[in-house]
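Residue numbers (the numbering used here): 1 to 295.
Have a look at the structure below before the remarks.
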Amino acid sequence: MGKLPDIQLDVKLAQLTSYKIGGKADFYSIANSSDEIVALVQYAKEKNIPYFIFGGGFNTVFSDKGFRGLVIHNKAKKIEVEGNMLMCDSGILLALVIVEAKKNGLGGVMELKGLPGTVGGAVYGNAGAHGVSMSDLLYKALLLDKDGNVKEVENDYFEFSYRMSKLKQTKEIVLNVTLKLPKISETDEVDAGDFVEFRANKQPKGFSAGSFFKNPSPDKSAGYLIDQAGLKGERVGGIMVSDLHGNWLINDGTGTQADVVELAKKIKKTVMDRFDIELFPENIIIDEYGKSIDI
Ligand SMILES: Cc1cc2nc3c(=O)[nH]c(=O)nc-3n(C[C@H](O)[C@H](O)[C@H](O)COP(=O)(O)OP(=O)(O)OC[C@H]3O[C@@H](n4cnc5c(N)ncnc54)[C@H](O)[C@@H]3O)c2cc1C
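Here it is in structure tokens:
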């Protein structure tokens with residue numbers, strides 16, 4: 001087992017996420033390798049305290065009360081390429097995976113340029129953009145289960161669907177992944193610049209975690225429904241529905257998780273009353289013990 005990294009007490013989580021929301025974690029540690037993740041989970045199990053792993057913090061809404069256990073900040077970022085296989089730790093940013101793939105003449109990932117976060121977070125939520133999702137790229141992965149066992153699994157294990165993987169139920173941790181990527185010379189490579197420009201024009205500025213709700217169907221986006229329900233600009237406390245994009249909830253810097261939850265419930269009810277369509281959150285909203293909060 002790896003060496004146990006330093007554990008800090010009472011660390012404010014807000015500053016570590018793109019939403020800038022979250023109270024203090026009782027225990028917090030940065031893992032720089034898969035072995036350190038395993039050691040930290042072992043530590044939490046021995047102490048009988050809950051644990052929660054996160055990477056970039058671009059999709060997580062922590063509790064205003066913080067976390068009553070160990071928050072593991074995953075910064076494990078080993079990466080290597082062999083042929084058309086790219087192997088990496090789960091704490092590496094997708095942005096760096098794209099750079100490394102390109103350097104080695106591999107493609108198929110340019111669509112994800114500008115998608116913030118780590119490989120682990122992207123596998124957990126099957127993140128994607130412009131028609132490419134993690135499920136299209138992942139060949140196999142090494143997981144750590146709740147009993148502390150490490151196992152290798154292949155793509156079908158994850159039961160991937162739109163912004164969904166089995167990990168949302170099992171809470172297994174991704175330690176590292178192998179992506180199978182086409183050679184650039186064998187694919188119609190897209191121009192990543194277009195995607196970066198798209199984001200610059202279409203994405204609201206400010207503290208957020210990207211799209212809040214999943215799209216209920218490919219032809220009806222959550223943003224369109226929220227807009228049609230007249231909810232753009234709606235506000236609870238420091239959280240507001242963006243004027244630019246109905247599915248982005250923006251924190252003015254004073255917002256809390258309680259504000260996010262109240263506004264999201266209001267949006268969900270209004271869209272249900274108006275269109276008879278149920279919205280489900282894409283953002284991960286957890287209480288102080290790591291349990292998901294229902295919207
Ligand atoms: C400006 C902006 C634009 C965005 N655009 C997109 C987009 O185009 N497409 C899209 O899909 N999303 C988008 N998002 C959302 C976000 O980028 C993705 O959800 C991303 O995959 C989150 O990665 P992360 O490392 O930040 O996850 P985190 O927020 O750190 O974690 C998210 C969840 O994953 C779990 N998790 C993290 N690491 C692991 C691991 N190693 N093993 C198991 N579980 C883990 C956490 O426990 C948590 O439940 C956007 C967000 C922002 C702020």
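Using N, Cα and C, we set each Cβ at its ideal position, and we do this for glycine too.
- Task: Counting only runs of 3+ residues fully inside the region 225-287, write out the beta strand (DSSP E) ranges in chain order.
- Result: If only uninterrupted beta strand (DSSP E) runs of at least 3 residues are considered, those enclosed by the region 225-287 are 239-241 and 249-251.
- Task: Enumerate, from N- to C-terminal direction, the unbroken alpha helix (DSSP H) stretches of 4 or more residues contained entirely within the region 174-224.
- Result: Restricting attention to alpha helix (DSSP H) runs no shorter than 4 residues, the region 174-224 encloses them at 192-202, ordered along the chain.
- Per DSSP, Met85 forms a beta bridge with which residues? Residue 85 sits at position 85 when you count from the first residue of the sequence shown. According to DSSP, which records beta bridges pairwise, Met85 is partnered with Glu82 and Lys180.
- Note down, in chain order, each residue of its chain lying with its Cβ closer than 8 Å to the Cβ of Lys140, except the 5 sequence neighbours on either side. By one-based count along the sequence shown, residue 140 stands at place 140. Exclusion of the five residues before and after Lys140 leaves Glu152, Val153, Glu154, Asn155, Val177 and Thr178 as the residues of its chain whose Cβ lies within less than 8 Å of its Cβ.
- Query: Relative to ligand 1, is the shortest distance from any of its heavy atoms to the C-beta of Ser33 smaller than 8 Å?
  - Reply: Translated into positions along the sequence shown, residue 33 becomes position 33. Checking the Cβ of Ser33 against ligand 1 gives no.
- Item | Exposure label - Tyr289; buried when at least 16 CB within 10 Å | Locating residue 289 in the sequence shown gives position 289, where the first residue counts as 1. Classification of Tyr289: exposed, given that the 10 Å Cβ count is below 16.
- Message: Pull the bridge partners of Ile72 from the DSSP assignment, please.
- Response: Looking up residue 72 in the sequence shown gives position 72. According to DSSP, Ile72 bridges with Ser29 and Ile53.
- Nearest-angstrom Cα separation, counted from Asp136 out to Lys65: Position 65 of the sequence shown holds residue 65. Position 136 of the sequence shown holds residue 136. So the two alpha carbons sit approximately 37 Å from each other.
- Message: Can you list, in chain order, the residues of its chain with a C-beta nearer than 6 Å to that of Glu100? Leave out the 5 residues immediately preceding and following it.
- Response: Counted from its first residue, the sequence shown places residue 100 at position 100. Answer for Glu100: Ile79, listed in chain order.
- Can Asn251 be considered in contact with ligand 1, in the sense that its beta carbon sits closer than 8 Å to one or more heavy atoms? One-based indexing of the sequence shown puts residue 251 at position 251. False, no ligand heavy atom lies under 8 Å from that Cβ.
- State yes or no: is the C-beta of Gly107 nearer than 8 Å to some heavy atom of ligand 1? Residue 107 sits at position 107 when you count from the first residue of the sequence shown. Incorrect: Gly107 has no Cβ contact closer than 8 Å to ligand 1.
- Task: State the DSSP-derived secondary structure class of Gly121, mapped to helix, strand or coil.
- Result: Taking the first residue of the sequence shown as 1, we reach residue 121 at position 121. Helix, per DSSP.
- Message: Is the separation between the beta-carbon of Leu175 and that of Leu138 shorter than 9 Å?
- Response: As a position in the sequence shown, residue 175 is number 175, starting the count at 1. As a position in the sequence shown, residue 138 is number 138, starting the count at 1. Leu175 is not a Cβ neighbour of Leu138, given a cutoff of 9 Å.
- Query: For the putative contact between Phe160 and Asn215, defined by C-beta atoms under 8 Å, what is the C-beta separation to the nearest angstrom?
  - Reply: Along the sequence shown, one-based indexing puts residue 160 at 160. Along the sequence shown, one-based indexing puts residue 215 at 215. Contact flag wrong, Cβ pair sits at about 16 Å.
- Message: Can you tell me whether Phe67 sits near ligand 1, meaning its C-beta is under 8 Å from at least one heavy atom of the ligand?
- Response: On the sequence shown, position 67 is the one that residue 67 refers to. Every heavy atom of ligand 1 is 8 Å or more from the Cβ of Phe67, so no.
- Task: With distances taken Cα to Cα, identify the nearest neighbour of Met85 among Asp227, Ile92, Gly223 and Gly107.
- Result: The residue labelled residue 85 in the question sits at position 85 within the sequence shown. Selected option, being the one with the closest Cα: Gly107.
- Message: Does the distance between the C-beta of Leu115 and the nearest non-hydrogen atom of ligand 1 fall short of 8 Å?
- Response: Against the sequence shown, residue 115 aligns to sequence position 115. The answer is yes for Leu115.
- Message: Tell me whether Thr17, by its Cβ, gets closer than 8 Å to a heavy atom of ligand 1.
- Response: Residue numbering aside, residue 17 sits at position 17 when the sequence shown is read from its first letter. Residue side-chain check: Thr17 places its Cβ nearer than 8 Å to a non-hydrogen atom of ligand 1.
- May I have the straight-line CA-CA distance separating Val260 from Pro281, to the nearest angstrom? Translated into the one-based positions of the sequence shown, residue 260 becomes position 260. Translated into the one-based positions of the sequence shown, residue 281 becomes position 281. Roughly 11 Å between the two C-alpha positions.
- Three-state class that DSSP yields for Tyr6 in the structure shown: For this step, residue 6 is matched to residue 6 along the sequence shown. The sequence given here has Asp at residue 6, not Tyr. Coil, per DSSP.
- Task: Whole angstroms is fine: what's the gap from Ile277's alpha carbon to Val97's?
- Result: Taking the first residue of the sequence shown as 1, we reach residue 277 at position 277. Taking the first residue of the sequence shown as 1, we reach residue 97 at position 97. Straight-line measurement puts the Cα of Val97 at about 37 Å from the Cα of Ile277.
- Message: Please identify the residue among Leu115, Asn283, His245 and Ile226 whose C-alpha is closest to the C-alpha of Lys266.
- Response: As a position in the sequence shown, residue 266 is number 266, starting the count at 1. Lys266 has its Cα closest to that of Ile226, out of Leu115, Asn283, His245 and Ile226.
- Looking only at its own chain, which residues have a Cβ that is under 6 Å from the Cβ of Ile173, when we skip the five neighbours before and after it? Locating residue 173 in the sequence shown gives position 173, counting from the first residue. The residues are Ile53 and Leu144.
- Pick from Phe212, Lys146 and Gly237: whose alpha carbon is nearest that of Glu46? As a position in the sequence shown, residue 46 is number 46, starting the count at 1. Comparing Cα positions, the closest option is Lys146.
- Consider the C-beta atom of Glu282 and the heavy atoms of ligand 1; say whether any pair is separated by less than 8 Å. On the sequence shown, position 282 is the one that residue 282 refers to. Taken from the Cβ of Glu282, at least one heavy atom of ligand 1 lies inside 8 Å.
- Message: Applying the 10 Å Cβ sphere with the 16-neighbour rule, what's the burial state of Phe62?
- Response: Position 62 of the sequence shown holds residue 62. Classification of Phe62: buried, given that the 10 Å Cβ count is 16 or more.
- Item | Assigned secondary structure, Leu93 (DSSP; H/G/I helix, E/B strand, else coil) | Translated into the one-based positions of the sequence shown, residue 93 becomes position 93. Reduced to three states, the DSSP call for Leu93 is strand.
- Query: In this structure, what does DSSP give as the bridge partners for Val38?
  - Reply: Residue numbering aside, residue 38 sits at position 38 when the sequence shown is read from its first letter. None; Val38 has no bridge partner.
- Item | Glu111, DSSP secondary structure in three states | For the purposes of this step, residue 111 is taken as the residue at position 111 of the sequence shown. Note: Glu111 maps to helix in three-state DSSP.
- Item | Distance between beta carbons of Asn251 and Gly206, contact taken as under 8 Å | Along the sequence shown, read from residue 1 onward, the residue named residue 206 stands at position 206. Along the sequence shown, read from residue 1 onward, the residue named residue 251 stands at position 251. About 7 Å separates the Cβ atoms of Gly206 and Asn251, confirming a contact at the 8 Å cut-off.
- On a CA-only basis, which of Ile21, Arg235 and Ala229 is nearest Leu13? Give me that one, please. In the sequence shown, residue 13 corresponds to position 13, counting from 1. Cα-wise, what sits closest to Leu13 is Ile21.
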